[in-house]
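Here the structure comes first, spelled out in C-alpha cells, and everything after it is commentary.
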Amino acid sequence: MDHKLIEEKKYTELLNNLKEEVRKTQIKAAVSVNTELIGLYFNIGKRLIKEQKLYNWGEYFIEKLSQDLRNEFPNIKGLSVRNLQYMRKFGHKFNDLEFTQQLVAQIDN
C-alpha cells in the first residue's frame, strides 16, 4: 500500500474522530446550559413566591423587577414580566421538588 494513501486514511480517521468529539461536547454543553437555566428559573420562581408573600408585594413588584433585571442584563431575553410570572408558576407547581444531579453524573468513573 502506498505510504501517502495510508497517511490520508489516518488523517481522515483522525478528522472523523475529532468531529465526533466536537459534536458530543456540543451536546453535553447544551444539556448543561439547559439544566442550569431550568434550575435558575425554578429558583427565581421560588424566590418570587417567598418574597412576594413575605413583604405582601402586589403585581407591580413583578413589573418593576422585570424592568430592573432587563436593564441590568439587556442581552437576556427571558426576563419579561410574562416569563417571571411563568417562573413563579413553575416554582409554585413544583414547590416540593428538589433538583439533584442526574443519575449518570453520580456514577464514579
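At position 55 of the sequence shown the residue is numbered 59 (the numbering used here), and the sequence of numbers has no breaks.
Each residue gets a CB set at the ideal place from its N, CA and C atoms; glycine is no exception.
Asked: Cβ pair leucine 88, leucine 69 closer than 8 Å; Found: yes
Asked: Which of helix, strand or coil DSSP assigns to glutamate 40; Found: helix
Asked: The stretch 92-100 / the stretch 47-61 touching (three or more Cβ pairs under 8 Å); Found: yes
Asked: Simplified DSSP assignment, three categories, for glycine 95; Found: helix
Asked: Cβ separation of leucine 83 and leucine 73, assumed to be a contact under 8 Å, to the nearest whole Å; Found: 4 Å
Asked: DSSP three-state assignment for asparagine 113, whether helix, strand or coil; Found: In this prediction, asparagine 113 scores a pLDDT of 47, lower than 50, which makes its location untrustworthy; no coordinate-derived value is stated.
Asked: Straight-line gap, leucine 9 to leucine 19 (C-alpha atoms, nearest Å); Found: 15 Å
Asked: Nonlocal neighbours in the same chain, by C-beta distance under 7 Å from methionine 91, ignoring five residues either side; Found: Tyr45, Ile48, Gly49, Leu52
Asked: From Gln56, Leu41, Glu55, residue whose alpha carbon lies closest to that of isoleucine 80; Found: Leu41
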